[in-house]
Amino acid sequence: MADQAKFEAAAARLAELLGWLKENHQYNTFGQPLEESLAALRARENPWAE
3 MADQAKFEAA AARLAELLGW LKENHQYNTF GQPLEESLAA LRARENPWAE
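Once you know that position 16 of the sequence shown is 18 in this note's numbering, the rest is easy, because the numbers rise by one and skip nothing.
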């Protein structure tokens, strides 16, 4: 249960960052890899695990 909360919190923070990138015209530079990471977090997967 704690892990689920961590994934949800990380997804929320990453979604905020993506919003900021869009507002500040940086999405095309940095957004796509973060969208993929956000999708993994929402699927309860660690996008940075090797």
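The beta carbon of each residue, even a glycine, is placed where N, CA and C say it ideally should be.
In this text, all values refer to a predicted model and were calculated from it rather than measured experimentally.
* State the CB to CB distance for the pair L43 and L20, rounded to an integer number of angstroms; the pair is presumed to be in contact (CB under 8 angstroms). => About 12 angstroms separates the two Cβ atoms, so there is no contact after all.
* Closest residue to E38 among A17, A11, W22 (Cα-Cα distance) -> A17
* **C-alpha gap between Q34 and W50, whole angstroms** => 15 angstroms
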